[in-house]
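*Asks:* The C-terminal residue of the first sequence carries number 591 in the working numbering, and the numbering is unbroken.
Backbone N, C-alpha and C fix where the C-beta goes; we use that ideal spot for every residue, glycine too.
From a predicted model like this one, the values you see are computed outputs, not experimental measurements.
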Amino acid sequence: MRRTHTCEELNETHVGSEVVLMGWVQRRRDHGGVIFVDLRDRDGLTQVVFNPTENKEVHAKAHEIRSEYVLGVRGRVDKRPEGMTNPKMVTGMIEIMVSDLKILNQAKTPPFMIEDSIDVSENVRLQHRHIDLRRPNIQKNIILRHKASVSIREYLNSQGFLDIETPFLTKSTPEGARDYLVPSRVNQGNFYALPQSPQLFKQLLMMSGFDRYYQIVRCFRDEDLRADRQPEFTQIDMEMSFIGEEDIMAVSEGMVAKLFKDVLDIDLKTPFPRMTYDDAIEKYGLDKPDLRFGLELTDISDIVKNAKFKVFSNAVKKGGIVKALNAKGCSSFTRKELDDFGDFVTVYRAKGLAWVKVKDDGDWQSPIAKFFTDEEKQAMVKQINMEPGDVVFFGADQPKIVNEALGHLRNHLGEKLGLINKDEFNFVWITLFPLLEYDETEKRYQALHHPFTSPVEEDYDKLASDPLSVKSRAYDLVLNGSEIGGGSIRIHDKDLQVKALEALGLEKEDYEKKFGFLLTALESGAPPHGGLAFGFDRLVMILCGQPSIRDIIPFPKTQKASCLLTDAPSPAGRLQLEDLGLKIITDK
RNA sequence: GCCCUGUUAGUGAAGUCAGGCGAUCACGCUAGAUUGUCGAUCUGGUAUCACGGGUUCAAAUCCCGUACAGGGCGCCA
């Protein structure tokens with residue numbers, strides 16, 4: 004018995020022909036006489052019929068059939084009798100009258116039904132992932148992921164990019180995220196690290212003259228998980244030589260436009276808009292603004308810097324800022340809702356959330372109204388465009404805290420107020436990031452992007468004198484408030500790279516040890532180059548409209564980075580450890 | 001590391017606030033009936049309080065701890 008068709012292929016044009024279908028039993032309906040079975044494969048369902056008047060022996064055998072049994076059936080394609088068609092099924096006009104049945108395999112009763120509508124905890128689904136993956140929705144996601152990958156490869160191939168592999172067993176670079184370490188057996192006591200990204204290798208490939216490189220590649224980071232973060236994830240990684248920001252953006256836009264056309268049949272408008280980092284923070288509080296709705300933030304530090312309200316004036320005096328978010332027409336928020344918003348922002352370390360309701364007569368209803376002079380109030384009304392029916396929220400603190408708190412509150416309100424058009428795909432490039440930020444806990448400067456990002460030329464001199472004001476040639480692509488890609492023009496000059504590493508507080512000895520190979524390569528004729536990496540999983544999430552990254556990864560890990568299907572990670576045996584020269588220290 | 005939420009038959013839920021449960025419902029599964037269903041139908045059956053400790057005459061319910069899962073903060077160059 005050899006399969007001739009798949010389970011969504013047959014229609015009225017096949018009536019009368021003999022076919023062989025193979026697949027899983029979706030459902031059996033036994034009417035005593037006739038037995039119906041919905042047979043499923045990855046393409047769809049076909050109803051197969053066992054009728055005792057057609058074939059008594061096969062009908063008897065069909066009694067053994069249970070859910071998820073694997074069958075091969077030979078039979079005739081019949082047009083369904085009058086009134087018995089099922090318009091909800093693609094193959095609802097026909098059925099297979101079975102003449103031969105082969106039970107290819109039996110199956111235990113699955114823990115849940117293989118249907119999209121079922122409501123099963125993720126825990127159970129992940130424990131039986133191989134079964135969960137049979138569900139049409141998940142299959143659709145995984146297939147879409149494949150299509151996305153094909154589309155991207157087609158585009159990059161057409162643009163002269165070469166797919167080149169880079170090592171997985173590589174050198175640990177303790178900058179940035181925590182590495183997954185792999186102990187070496189032949190070099191006991193030494194460890195490889197799994198790559199957080201192929202960053203340095205792709206730069207080396209440019210120095211080797213490959214000109215354009217890409218890879219759809221797994222990356223690893225040993226950090227805590229989120230709804231959109233897995234310890235191993237896939238990146239669309241690319242790098243180009245002899246180019247500037249515009250070239251990389253153009254290639255990226257072409258790739259994304261083709262992707263959306265191929266996968267969703269949506270025509271995107273390119274080029275995508277650009278916005279500087281400073282503008283994004285100023286207006287939206289976050290470097291990945293969701294531009295599907297307004298609700299911009301307004302800085303009112305100047306107006307309230309001398310106000311009687313100490314929370315505001317002191318914040319400004321201590322180098323902080325005061326910003327406002329006007330929720331137009333939302334004065335109907337209850338006290339409870341306002342309190343909830345207050346709780347919401349404390350997650351982002353804001354100490355509180357002041358608010359003002361503008362009443363119909365223009366008066367302010369607010370616990371803090373009494374602290375402001377009429378002049379201050381009028382200035383605020385003008386600056387924030389306060390009108391009757393509005394509620395305005397205020398944040399006052401260090402800039403980072405105010406921006407993050409109000410930025411997230413803005414997203415929260417956009418969601419809650421239904422301001423977001425869920426069908427919209429809003430892209431924006433964020434450019435001119437700061438090169439460095441100051442890490443308060445470690446008391447040193449850190450690269451915002453990574454240490455190989457080029458500063459803008461005008462700021463070279465400020466690397467040593469005023470590092471925080473240095474802008475970088477880094478850019479992120481943001482889609483609907485989520486960062487889907489980021490990259491930069493890299494440093495290709497050895498001396499500049501040394502200065503950049505020194506700005507991070509690294510001593511010569513340190514950087515020679517960690518990045519000596521890079522510095523040596525930079526001295527041997529490195530071309531100007533730059534690139535970008537897209538988070539493939541996040542892109543696919545958005546293309547599939549899935550809120551969880553686990554729904555677009557076949558075998559994802561849980562929040563504790565374990566695999567419920569295989570029970571990884573698990574203890575290593577004594578002999579394995581001896582081979583590696585390792586000893587487990589347990590202090591529990 | 002921290003905050004929040006959850007864990008009740010195979011699956012999903014009710015019961016938990018206010019202790020009285022000998023735990024309810026649906027689906028599934030199973031046996032029988034049934035020749036046109038497609039979320040088949042009808043009749044019967046089936047199986048459960050995450051784990052450990054405590055309070056109490058009595059604990060699914062209250063308290064403490066643990067494990068696991070999820071969301072978030074920190075972290076993620």
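1. CB Val319 to CB Lys311, shorter than 8 Å?
2. Quick check: what's the CA-CA separation for Ile134 versus Leu267?
3. Starting from Val431, trace the beta strand (DSSP E) in both directions and tell me its first and last residue.
4. Let's test the definition: count the other Cβ atoms within 10 Å of the Cβ of Ile99 and tell me whether it reaches 16, buried, or not, exposed.
5. In the DSSP output, which residue or residues are listed as bridge partners for Lys360?
6. Would you call Asp293 buried or exposed, if buried means 16 or more other Cβ atoms sit within 10 Å of its Cβ?
7. Quick one, are the C-beta atoms of Gln218 and Thr169 less than 8 Å apart?
8. Just reading off the beta strand (DSSP E) that Ala330 is part of, what are its end residues?
9. Please state whether DSSP places Val259 in a helix, a strand or coil.
10. Reducing DSSP to helix, strand and coil, say where Lys502 ends up.
11. Closer than 8 Å is the cut-off here; do at least three beta carbon pairs connect the stretch 323-330 with the stretch 400-418?
12. Hey, quick one: how far does the beta strand (DSSP E) through Pro531 stretch, first residue to last?
13. CB-CB under 7 Å to Phe558, same chain, minus the five flanking residues each way: which ones, in chain order?
14. Under three-state DSSP, which class holds Arg224?
15. Assign Thr16 to one of two classes, buried (16 or more other C-beta atoms within 10 Å of its C-beta) or exposed (fewer than that).
16. Name the residue from Glu125, Gly75, Thr94 and Asn89 whose alpha carbon lies nearest to the alpha carbon of Leu106.
17. Which runs of the alpha helix (DSSP H) spanning at least 4 residues fall entirely within the stretch 270-308, listed in chain order?
18. Which residue or residues does DSSP assign as beta-bridge partners of Glu235?
19. Excluding sequence positions up to five away, which residues of its chain have a Cβ less than 6 Å from the Cβ of Gly288?
20. Is the number of C-beta pairs between the stretch 427-445 and the stretch 346-366 that are closer than 8 Å three or more?
21. Using 8 Å for Cβ pairs, my map puts Gly47 next to Glu11. What's the rounded Cβ distance?
22. What are the boundary residues of the beta strand (DSSP E) that includes Ala450?
23. Leaving aside the five residues before and after His62 along the sequence, list all residues of the same chain whose C-beta is less than 7 Å from its C-beta, in chain order.
24. Assuming Val254 and Leu271 make a contact with CB atoms under 8 Å, what is their CB distance in whole Å?
25. Return the residue from the list Asp400, Phe275, Met4 and Ile324 that minimises the CA-CA distance to Ile352.
26. Is Asp464 buried or exposed, if buried means 16 or more other CB atoms sit within 10 Å of its CB?
27. What residue range does the beta strand (DSSP E) around Ala477 cover?
28. Suppose you measure from the CA of Thr434 to the CA of Gly490; what does that come to, to the nearest Å?
29. Are the stretch 483-503 and the stretch 455-463 in contact at 8 Å, needing three or more beta carbon pairs?
*Replies:* If we stick to the structure as given:
1. The residue labelled residue 319 in the question sits at position 316 within the first sequence. The residue labelled residue 311 in the question sits at position 308 within the first sequence. No; because the gap between Cβ atoms is not below 8 Å, this pair is not in contact.
2. Along the first sequence, one-based indexing puts residue 134 at 131. Along the first sequence, one-based indexing puts residue 267 at 264. So the alpha carbons of these two residues sit roughly 27 Å apart.
3. On the first sequence, residue 431 is found 428 positions in, with the first residue counted as 1. First-last of the beta strand (DSSP E) with Val431: Phe430 to Thr434.
4. By 1-based counting over the first sequence, the position of residue 99 is 96. Classification of Ile99: buried, given that the 10 Å Cβ count is 16 or more.
5. Numbered from its first residue, the first sequence carries residue 360 at position 357. Looking at the DSSP assignment, Lys360 forms a beta bridge with Gln368 and Val394.
6. Residue numbering aside, residue 293 sits at position 290 when the first sequence is read from its first letter. By the neighbour-count rule (16 or more Cβ atoms within 10 Å), Asp293 is buried.
7. The residue you call residue 218 lines up with position 215 of the first sequence. The residue you call residue 169 lines up with position 166 of the first sequence. Yes, the Cβ-Cβ distance between Gln218 and Thr169 is below 8 Å.
8. In the first sequence, counting from the first residue as 1, residue 330 sits at position 327. Taken as a continuous stretch (DSSP letters only), the beta strand (DSSP E) holding Ala330 covers Ile324 to Ala330.
9. Locating residue 259 in the first sequence gives position 256, where the first residue counts as 1. Here Val259 sits in helix by DSSP.
10. Position 499 of the first sequence holds residue 502. Looking at Lys502 - three-state DSSP - the assignment turns out to be helix.
11. At 8 Å Cβ cutoff, the stretches touch.
12. For the purposes of this step, residue 531 is taken as the residue at position 528 of the first sequence. Membership of Pro531 in any beta strand (DSSP E) is not indicated, and neither H nor E is assigned to it by DSSP.
13. For the purposes of this step, residue 558 is taken as residue 555 along the first sequence, with counting starting at 1. Cβ neighbours of Phe558 beyond the five flanking positions: Arg132, Cys566 and Leu568.
14. Here residue 224 refers to the residue found at position 221 when the first sequence is read from its first residue. In the structure shown, Arg224 sits in coil (DSSP, three-state: anything other than H, G, I, E or B).
15. By 1-based counting over the first sequence, the position of residue 16 is 13. By the neighbour-count criterion, in which 16 or more other beta carbons inside 10 Å mark a residue as buried, Thr16 falls on the exposed side.
16. Here residue 106 is taken as the residue at index 103 of the first sequence, counted from 1. Note on residue identity: the sequence assigns Ile, not Leu, to residue 106. The residue with the shortest Cα to Cα distance from Ile106 is Gly75.
17. 280-287 and 304-307, all fully within the stretch 270-308.
18. In the first sequence, the residue the question calls residue 235 occupies position 232. According to DSSP, Glu235 bridges with Phe223.
19. For the purposes of this step, residue 288 is identified with residue 285 of the first sequence, where counting begins at 1. Answer for Gly288: Leu300, Asn406, Leu409 and Gly410, listed in chain order.
20. no
21. In the first sequence, the residue the question calls residue 47 occupies position 44. In the first sequence, the residue the question calls residue 11 occupies position 8. About 3 Å; that satisfies the 8 Å criterion.
22. Residue 450 sits at position 447 when you count from the first residue of the first sequence. It spans Arg447 to Ala450 - the beta strand (DSSP E) in which Ala450 sits, taken as one unbroken run.
23. Stepping through the first sequence from its first residue, residue 62 is reached at position 59. Only Ile38, Phe53, Asn54 and Pro55 meet the Cβ criterion.
24. As a position in the first sequence, residue 254 is number 251, starting the count at 1. As a position in the first sequence, residue 271 is number 268, starting the count at 1. The beta carbons of Val254 and Leu271 sit about 14 Å from each other, so the pair does not count as a contact at 8 Å.
25. Residue mapping note: residue 352 aligns to position 349 of the first sequence, counting from 1. Checking the displayed sequence, the identity of residue 352 turns out to be Arg instead of Ile. For the residues Asp400, Phe275, Met4 and Ile324, the minimum Cα distance to Arg352 belongs to Asp400.
26. For the purposes of this step, residue 464 is identified with residue 461 of the first sequence, where counting begins at 1. So Asp464 ends up on the exposed side.
27. Against the first sequence, residue 477 aligns to sequence position 474. Unbroken beta strand (DSSP E) run through Ala477: Ala477 to Leu482.
28. On the first sequence, position 431 is the one that residue 434 refers to. On the first sequence, position 487 is the one that residue 490 refers to. When rounded, the distance between both Cα atoms is 10 Å.
29. yes
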